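Asks: Pasting in a structure now, in C-alpha cells, and then I'll have a few things to ask.
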Amino acid sequence: MLGTIVNTIAIACGGLLGVLLRKGIPEHYKTTIMQGIGLSVLVIGLMGAFKSGNILVVIFSIVVGSIIGEKIKIATKLDEMGLWIEGKMGKGHGSVAKGFVTASLVYCVGAMAIVGSLESGLTGNHQTLYAKSLLDGISSVIFASTLGIGVVFSAAAVFIYQGIITITAGAVKYLLVEAVIQEMSAIGGLLIVGIAFNILEIKRISVANMLPAIFLPIVYQLLQPLLLSITTILQNIF
C-alpha cells in the first residue's frame, strides 16, 4: 500500500497548491489550459488504447461493463458524492463535484494505476506508483488551478481504488497473465479518451459507468477454457 499512500499524498498536496494559485490565473487562461489538458489526456488515452492485442476482448468488456455500470449507477453515485462534498464546502469553491469526478476518473483509469497497483500487491514493487505520484502531483496542480478544490478530494478516490486493487491482486494472481494486464490497460486508455471528450466538451460520455469494463478481461481469462471447449465442439459438429 506504500505506493498508493504516496500517490494519494502527492495528489492532495498538488491539488492544494493548485487551489492557492487559482485566484491569480485569469479566466481566459484557465479555458485555454483546460483545452490543452483535454488534448493531452486524449493523446495519453489513444496511446494506451492502441496497445490492445485482442479488440474483441475490449469490445466485450466495454459492452458488458457498461451494462453493469448503468445497472449499479456508478456515475450517479460519483456525482452525488461530489455534490455532497460541494455542499459541505459551501459556496465560493466553484464546481467541487466536477473537479472531484473528472480528476478521480483521470487518476484511476489509466494504465499506471492498474499496472502499478498490481505490481505493488503482487511483488511489493512500488516504482510504477512512485512515478505515477510524480506525474499526478504535477498534473493536480494544473487541474486544481482550473477545476478547483474538488481535485484535492479525488485523492481519497485514488486511495480506495488503487488500495482495493493492491489488496486483492494476490487472490487473482494466477489469472493476471501479461495478455490480461495488456487488455485491462487498453480498456483504461479507451476510457481516458472518453474523459478527454468530456473535458473538451465534444460529447458527454458516461465514463464512470464503463469502469467495470477494466476488470472484465480477468473474467474473460477465467472463462477462456470453457469458450475454447465450446468452439471445439461446434467445429466438430459442423
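Heads up: take any position in the sequence shown, counting from 1, add 4, and you land on the numbering used here. Note that CB positions come from ideal geometry on N, CA and C, so glycine has one too. Remember, it's a predicted structure, so these values are computed and weren't measured experimentally.
(1) Check whether the region 138 to 151 touches the region 12 to 32, counting contact only when three or more Cβ pairs, one atom from each stretch, lie closer than 8 Å.
(2) For V68 and I222, I'd like the C-alpha separation in whole angstroms.
(3) For I185, which of G114, A159, L139, V145 has the nearest alpha-carbon?
(4) F157 and I89 - do their beta-carbons sit closer together than 9 Å?
(5) How long is the line joining the alpha carbons of M99 and G154, rounded to whole angstroms?
(6) Counting only runs that start and end within the region 26 to 76, where is the alpha helix (DSSP H) found for 4 or more residues in a row?
(7) Candidates L195, C112, H130, E123: which alpha carbon is nearest L50's?
(8) Alpha carbons only, please: which of S189, S44, T106, E205 is nearest the one belonging to I66?
(9) Can you tell me the Cβ-Cβ gap for L82 and S121, rounded? I've got them flagged as a contact below 8 Å.
(10) What does the alpha-carbon distance come out to for the pair E74 and N213?
(11) Starting from K102 and walking both ways along the alpha helix (DSSP H), at which residues does that stretch end?
(12) On the premise that A16 lies in contact with S137, defined as a C-beta separation below 8 Å, what is that separation, rounded to the nearest angstrom?
(13) When the distance is taken between beta carbons, is Q166 closer than 9 Å to S263?
(14) What's the call for P216, buried or exposed, on a 16-neighbour Cβ count within 10 Å?
(15) What would DSSP say about L126, mapped onto helix, strand or coil?
(16) Using the C-alpha atoms, what's the distance from L226 back to L180?
(17) Less than 8 Å separating the Cβ of K92 from some heavy atom of the ligand ZN?
(18) Can you look up M188 in the DSSP assignment and give me helix, strand or coil?
(19) Can you have a look at L230 and say buried or exposed, based on whether 16 or more other CB atoms are within 10 angstroms of its CB?
(20) For S48 versus T106, is the C-beta spacing smaller than 9 Å?
(21) Do you know whose CA, among E187, E182, I142, F201, lies nearest L60's CA?
Replies: The structure says:
(1) yes
(2) Your numbering for residue 68 matches position 64 in the sequence shown. Your numbering for residue 222 matches position 218 in the sequence shown. Cα to Cα, the separation comes out at about 13 Å.
(3) The residue you call residue 185 lines up with position 181 of the sequence shown. Among G114, A159, L139, V145, the Cα nearest to that of I185 belongs to G114.
(4) What you label residue 89 is simply residue 85 of the sequence shown in a count that begins at 1. What you label residue 157 is simply residue 153 of the sequence shown in a count that begins at 1. It is a contact, given that the beta carbons lie within the stated cut-off.
(5) Along the sequence shown, read from residue 1 onward, the residue named residue 99 stands at position 95. Along the sequence shown, read from residue 1 onward, the residue named residue 154 stands at position 150. Checking the displayed sequence, the identity of residue 99 turns out to be Ser instead of Met. Rounded to the nearest angstrom, the two C-alpha atoms are 7 Å apart.
(6) 31 to 53, 59 to 76
(7) The residue given as residue 50 occupies position 46 in the sequence shown. L50 has its Cα closest to that of L195, out of L195, C112, H130, E123.
(8) The residue you call residue 66 lines up with position 62 of the sequence shown. Of the candidates S189, S44, T106, E205, the one whose C-alpha sits nearest the C-alpha of I66 is S189.
(9) Taking the sequence shown and counting its residues from 1, one reaches residue 82 at position 78. Taking the sequence shown and counting its residues from 1, one reaches residue 121 at position 117. Actually they do not touch by this definition, with Cβ atoms about 19 Å apart.
(10) Counting from one through the sequence shown, the residue named residue 74 turns up at place 70. Counting from one through the sequence shown, the residue named residue 213 turns up at place 209. Rounded to whole angstroms, E74 to N213 spans 6 Å at the Cα level.
(11) Counting from 1 along the sequence shown, the entry for residue 102 is found at position 98. Taken as a continuous stretch (DSSP letters only), the alpha helix (DSSP H) holding K102 covers 100 to 112.
(12) Locating residue 137 in the sequence shown gives position 133, where the first residue counts as 1. Locating residue 16 in the sequence shown gives position 12, where the first residue counts as 1. Actually they are not in contact, since the Cβ atoms of S137 and A16 sit about 11 Å apart, beyond 8 Å.
(13) It is not possible to answer for residue 263, since the shown part of the chain is limited to 5 through 242.
(14) As a position in the sequence shown, residue 216 is number 212, starting the count at 1. Counting Cβ neighbours within 10 Å, P216 comes out buried, since at least 16 surround it.
(15) Residue numbering aside, residue 126 sits at position 122 when the sequence shown is read from its first letter. Helix, per DSSP.
(16) Sequence index remark: in the sequence shown, residue 180 carries index 176 (1-based). Sequence index remark: in the sequence shown, residue 226 carries index 222 (1-based). Roughly 10 Å between the two C-alpha positions.
(17) Inclusion of the ligand ZN in the displayed structure is not the case, the ligand content being empty and no account of it being possible.
(18) Walking along the sequence shown from the start, residue 188 turns up at place 184. Here M188 sits in helix by DSSP.
(19) As a working mapping, residue 230 is identified with position 226 in the sequence shown. Exposed, since its Cβ has fewer than 16 Cβ neighbours within 10 Å.
(20) Here residue 48 is taken as the residue at index 44 of the sequence shown, counted from 1. Here residue 106 is taken as the residue at index 102 of the sequence shown, counted from 1. The sequence shown places Ile at residue 48, not Ser. Not a contact, by the Cβ cut-off of 9 Å.
(21) Numbered from 1 along the sequence shown, position 56 holds the residue referred to as residue 60. When each option's Cα is compared against that of L60, the closest is E187.
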